[in-house]
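Following: one structure in structure tokens, then a few remarks.
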Amino acid sequence: MSSLDSLPTPAALIDLDRLEANCAWMSRRFSELGVALRPHVKTHKIPAIARLQVLGHDAGVTVSTLAEARAFTEAGFDDLCWALPLPPARADEALDLAGQVSLCLLVDHPRTAGLLEQAAAQAGRKVRVRLELDCGYGRTGVRASDPGSLALARQLRDSPNLDFEGLLTHAGQAYGARDIGQIGQIAALETRAAVGFSQALRASGIEVRVVSTGSTPTCRRGRDFQGVTEVRPGNYALFDLHQAAIGSCEVDEIALEVLASVIGVYEDRVVLDAGALALSKDAGASHAGLRGYGMVLDLQRRELPLELVSLSQEHGIAQGDPGDLQPGDRVRILPNHSCLVTALHPVVWGVREGRVVESWSPVRGW
Ligand SMILES: Cc1ncc(COP(=O)(O)O)c(C=O)c1O
Numbered sequence: 093m094s095s096l097d098s099l100p101t102p103a104a105l106i107d108l109d110r111l112e113a114n115c116a117w118m119s120r121r122f123s124e125l126g127v128a129l130r131p132h133v134k135t136h137k138i139p140a141i142a143r144l145q146v147l148g149h150d151a152g153v154t155v156s157t158l159a160e161a162r163a164f165t166e167a168g169f170d171d172l173c174w175a176l177p178l179p180p181a182r183a184d185e186a187l188d189l190a191g192q193v194s195l196c197l198l199v200d201h202p203r204t205a206g207l208l209e210q211a212a213a214q215a216g217r218k219v220r221v222r223l224e225l226d227c228g229y230g231r232t233g234v235r236a237s238d239p240g241s242l243a244l245a246r247q248l249r250d251s252p253n254l255d256f257e258g259l260l261t262h263a264g265q266a267y268g269a270r271d272i273g274q275i276g277q278i279a280a281l282e283t284r285a286a287v288g289f290s291q292a293l294r295a296s297g298i299e300v301r302v303v304s305t306g307s308t309p310t311c312r313r314g315r316d317f318q319g320v321t322e323v324r325p326g327n328y329a330l331f332d333l334h335q336a337a338i339g340s341c342e343v344d345e346i347a348l349e350v351l352a353s354v355i356g357v358y359e360d361r362v363v364l365d366a367g368a369l370a371l372s373k374d375a376g377a378s379h380a381g382l383r384g385y386g387m388v389l390d391l392q393r394r395e396l397p398l399e400l401v402s403l404s405q406e407h408g409i410a411q412g413d414p415g416d417l418q419p420g421d422r423v424r425i426l427p428n429h430s431c432l433v434t435a436l437h438p439v440v441w442g443v444r445e446g447r448v449v450e451s452w453s454p455v456r457g458w
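So in the working numbering, the last spot in the sequence shown is 458, and the numbers never skip.
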């Protein structure tokens, strides 16, 4: 155990009490709803944190990269879903890993499906696969209204080397919501889209065992999960200012912060040693009134009258009244986007009651 004063800055800190409360809330919510929770680990890329997230559920975890899939396999996780449309060039590596662990892959194009089928046949392996559905986000996934979507589901179902489990969708458009009401509407749409398409597939004689949905805002504020078998929120473990700005969490629930040192004090601003490589340049929910690149707090977590208006690589410029701040003083910064912050830091520190009690190295690379 050591004090925060001993940490070199900038340092990413996770408050363990908040983390545990966030994980327990989501686990309890979906246990009560009878829906499996398969948390997305991209937010922290740390197996020890994922172990807290899966308590009370046995649906495995969701990963965003093969590097995460490998590291979580080594850490003892045995059921993974790689929630990115399979990059065809990575099919052989994915199939190799599928020989060591139960790994589910994602497809939204007939060409990828065909290449995966061939690669699986060559490897002599049957691999789990899900079809990604676009529920209005417009990033990836087939559209339910496209007749080719049913044909693709049939192609996946009919392949002797693929085990077609069902559908996966993600309402990332919830990040564009302005309040809880709008999140609720998007959540309802996410459920309707996924369950509706699963019914259409079943009506065509295609078995759908998995209907997987979920983002942090929709899992936190949505009400209707009827017909959904699994959800995959991830950010909720830590939360951030974007989530708070759209009504997905309270500022007090944010478990991640960046400890920074004052390196310059001027009449109208303070300069911190936390720049874009400590905080990311994610502007967050400016549509919902969020300003700047993070909220600057004192060590007692009281907001300071400073706005983090600009970041260069290693400098953070906080405009406003410097008050009593002097070079060498430390501040806490609540980030706009936790997932990007943990991905930038080589070490993340676990803190309880102001003392550093853990350190982890998030998985790196792809
Ligand atoms: C496919 C997919 N599923 C689940 C999630 C988790 O959502 P969130 O980060 O809102 O918790 C993400 C996040 O980007 C995602 O891309």
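Glycine included, every Cβ here is placed at the ideal spot set by N, Cα and C.
Residue i CB to nearest heavy atom of ligand 1 below 7 Å
{"i": "N428", "result": "no"}
{"i": "G326", "result": "yes"}
{"i": "K134", "result": "yes"}
{"i": "A286", "result": "no"}
{"i": "H262", "result": "yes"}
{"i": "S307", "result": "yes"}
{"i": "T154", "result": "yes"}
{"i": "A269", "result": "no"}
{"i": "A175", "result": "yes"}
Residue i and residue j closer than 8 Å at C-beta
{"i": "I275", "j": "I338", "result": "yes"}
{"i": "R130", "j": "T154", "result": "yes"}
{"i": "P414", "j": "V362", "result": "yes"}
{"i": "L382", "j": "H429", "result": "no"}
{"i": "L351", "j": "R422", "result": "yes"}
{"i": "T135", "j": "T434", "result": "yes"}
{"i": "G228", "j": "A285", "result": "yes"}
{"i": "G457", "j": "A159", "result": "yes"}
{"i": "L108", "j": "W441", "result": "no"}
{"i": "D226", "j": "V193", "result": "no"}
{"i": "A205", "j": "L248", "result": "yes"}
{"i": "E399", "j": "G384", "result": "yes"}
{"i": "L198", "j": "A186", "result": "no"}
{"i": "E257", "j": "R220", "result": "yes"}
{"i": "P325", "j": "H201", "result": "no"}
{"i": "V323", "j": "V146", "result": "no"}
{"i": "G446", "j": "S353", "result": "no"}
{"i": "R217", "j": "C196", "result": "no"}
{"i": "L432", "j": "D374", "result": "yes"}
{"i": "L111", "j": "A370", "result": "no"}
{"i": "R99", "j": "V448", "result": "The residue asked about is misnamed: residue 99 is Leu in this sequence, not Arg. Yes, the pair counts as a contact, with Cβ atoms nearer than the cut-off."}
Exposure label - residue i; buried when at least 16 CB within 10 Å
{"i": "A295", "result": "exposed"}
{"i": "S453", "result": "exposed"}
{"i": "H379", "result": "exposed"}
{"i": "L156", "result": "According to the sequence provided, residue 156 is Ser. The question's Leu does not apply to it. With 16 or more Cβ atoms within 10 Å of its Cβ, S156 is classed as buried."}
{"i": "E299", "result": "exposed"}
{"i": "A113", "result": "exposed"}
{"i": "R312", "result": "buried"}
{"i": "S95", "result": "exposed"}
{"i": "A243", "result": "exposed"}
{"i": "V287", "result": "buried"}
{"i": "V439", "result": "exposed"}
{"i": "V234", "result": "buried"}
{"i": "W174", "result": "buried"}
{"i": "S372", "result": "buried"}
{"i": "R162", "result": "buried"}
{"i": "R424", "result": "buried"}
{"i": "Q309", "result": "Just to set this straight, residue 309 is Pro in the shown sequence, not Gln. Buried."}
{"i": "Q418", "result": "exposed"}
Distance cut-off 7 Å: residue i Cβ against heavy atoms of ligand 3
{"i": "V388", "result": "In the structure shown, ligand 3 is absent; the only ligands present are ligand 1."}
Fill in: Given 8 Å, three or more beta-carbon pairs between the stretch 291-309 and the stretch 355-373
no
Worksheet entry | Cβ pair count under 8 Å reaching 3, the stretch 302-314 against the stretch 254-261 | yes
Discussion item. I'd like to know if the stretch 130-150 and the stretch 396-410 are in contact, where contact means that at least 3 CB-CB pairs between them fall below 8 Å.
Written reply: no
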